[in-house]
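Here is the structure we will look at, set down as structure tokens.
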Amino acid sequence: MFTNGMFFALVGASIATALAGFGSAKGVGGAAQASMGVLSEDSSKFGKMLVLTLLPGTQGLYGFIVGFLILVNCGVLGGAVPSIAQGLAFLGASLAIGIGGMVSGFAQGRAAVSGIAMSAKDDRNFSKAMVSVTLVEIYALLSFIVSLLVVISVPALKI
Amino acid sequence: MRNNLKLFQYCGVSTFFWGLIFGSIFGDAPAVLYNYFTDANLTMADILPWSTLDPQKDALLLMVISIAFGLVHILVGMGCKFYICLKQKDYGGAFFDTGLWMLMLVGFAVLAVGMATSPMILYIGAGIAIASAEGLVLTQGRNKKGFGKVIGGLASLYDVTSYISDLLSYSRLLALGLTTGVMAQVFNMLATMFGKGIVGTVFMVVIMLVGHAINIGLNALGSYVHTMRLQYVEMFSKFYEGGGEEFEPFSLKSKYIKIKEDK
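First to last, the protein sequences are chains U and Y. Take the first sequence: its letters are residues 1 to 159, numbered as in the working numbering. Take the second sequence: its letters are residues 160 to 422, numbered as in the working numbering.
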């Protein structure tokens, strides 16, 4: 029924982009809700609230990049049509950033909400909030690296 | 904010330097732009006249380099502890606690170098590591009584796992370095996808500007947060003792009166 791995590769691209975007959307949405609560009391803090709200957004970007690289390597935007094994390899690689990005997006969103609350209470704590929220991002970064290294080297594998 | 921007400035100098080593100036922007306008097929390695280290091809070598940086960083931290112990006249702590562990880490490093080069260096490294391990077993129990001396000495060897986890934590340097280059390359790919007409060129300029601005903004924060975490958690834990409360001078808190200053 399947003569080539195109379907699996495209499912992989969708999983990478959609799940990571899901995590980021929930994270940034929660942080945006908290920041709007703060801004309703004191709208001069908008710049700082904006920075903290945007911090959980990186997971979606990483998922998009992995999805885009899969598309570039599987014939949709260039490259050769993958064999079945290569398509399954793309599918497997996309799980890393999909699941890792999704869950770390949720976690970073909750951290950003707490950071917004802390920075609203006392403005001197803003940089501490920023640093603490950024610490969560390393795990999304590590999932991205694993997905990336596989996606880059799959077209050269003879499977 | 001004201090933040100064910090980003200094980090930018280091980024520029490492970009030249990795052969990555805004990703592969010079090669991509040249190929876009002249239909050539160059890569960055062709353009730059020195040999570059591509993170995507040599990821393992880059991980070894990151862990080597980590080893130097941790040895500096332990050197600080050594100096502090000497100043407090705790010679046992200086030479037996810190000095022997430093010797063991150096032994492991020589062993790793020997695995890649010649067996002679491997034997020297193994010899140093085993000698320092024996020294630790003999001296780490010196504050306990009776049979506890032996147990204390043997159990202290278990600390090697915490040193190994500290060293491996430096592989996040590999992760950060790899990501920025790849994101820049993907933005360049996106920018040149629209063809070569007027509309295509306009799109290319806009996407390159916006994409690289996003990349710089995202990674400016990450550039100092993760290295700061390495400094505070891995290096400072070797010698630093924090604590204390922030000094807040007396100030006037007026509840019913507002005092305005005439400037």
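Backbone N, C-alpha and C define an ideal beta-carbon position, used for all residues, glycine too.
In the DSSP secondary-structure assignment, isoleucine 184 of chain Y is bridged to Y:Asp187.
Between methionine 342 of chain Y and isoleucine 65 of chain U, the beta carbon gap of about 6 Å places them in contact (Cβ cut-off 8 Å). Taking 8 Å as the threshold, the shortest C-beta distance from methionine 394 of chain Y to chain U does not fall below it.
In the DSSP assignment, valine 154 of chain U falls outside any alpha helix (DSSP H), carrying neither H nor E. Chain Y places a beta carbon closer than 8 Å to that of valine 131 of chain U, counting this residue as a contact.
Spanning the alpha carbons of aspartate 187 of chain Y and glycine 63 of chain U requires a straight line of approximately 21 Å. Straight through space, the alpha carbons of glycine 356 of chain Y and valine 103 of chain U are spaced by roughly 42 Å. Each of U:Ala129, U:Phe7, U:Val113 was checked against the Cα of valine 384 of chain Y, and the nearest Cα belongs to U:Ala129. Counted as a single uninterrupted DSSP element, the alpha helix (DSSP H) harbouring methionine 130 of chain U occupies residues 126 to 135.
Secondary structure of proline 214 of chain Y (DSSP, three-state): coil.
The beta-carbon separation of leucine 141 of chain U and alanine 334 of chain Y, rounded to 5 Å, stays under the 8 Å limit for a contact. Within the stretch 45 to 113 of chain U, the complete alpha helix (DSSP H) segments of 4 residues or longer fall at 46 to 54, 58 to 73, listed in chain order. For phenylalanine 68 of chain U, the residues of chain Y that pass the 9 Å Cβ criterion are Val345, Met348, Leu349, in the order they occur in the chain. Nearest neighbour of serine 132 of chain U by Cα position, chosen from U:Val72, U:Ile116, U:Phe144, turns out to be U:Ile116. Looking at Y:Lys414, Y:Met160, Y:Gly251, the one whose alpha-carbon comes closest to that of arginine 301 of chain Y is Y:Gly251. At a cut-off of 8 Å between beta-carbon atoms, threonine 3 of chain U makes no contact with chain Y.
Secondary structure at glutamate 407 of chain Y: coil, using DSSP grouped into helix, strand and coil. With contacts defined as CB atoms closer than 8 Å, glycine 23 of chain U and phenylalanine 106 of chain U qualify as a contacting pair. Scanning chain U for C-beta atoms nearer than 7 Å to the C-beta of glutamine 215 of chain Y yields Ile152, reported in chain order. Cβ contact annotation for proline 56 of chain U (same chain, cutoff 7 Å, sequence separation greater than five): Ser24, Gly27, Val28, Ala31, Gly105, Gln108, Gly109, Ala112, in chain order. For phenylalanine 46 of chain U, no chain Y residue has a Cβ inside 7 Å of its Cβ, as the nearest lies near 15 Å away. Within a 10 Å sphere around the beta-carbon of valine 269 of chain Y sit 16 or more other beta-carbons, which makes this residue buried.
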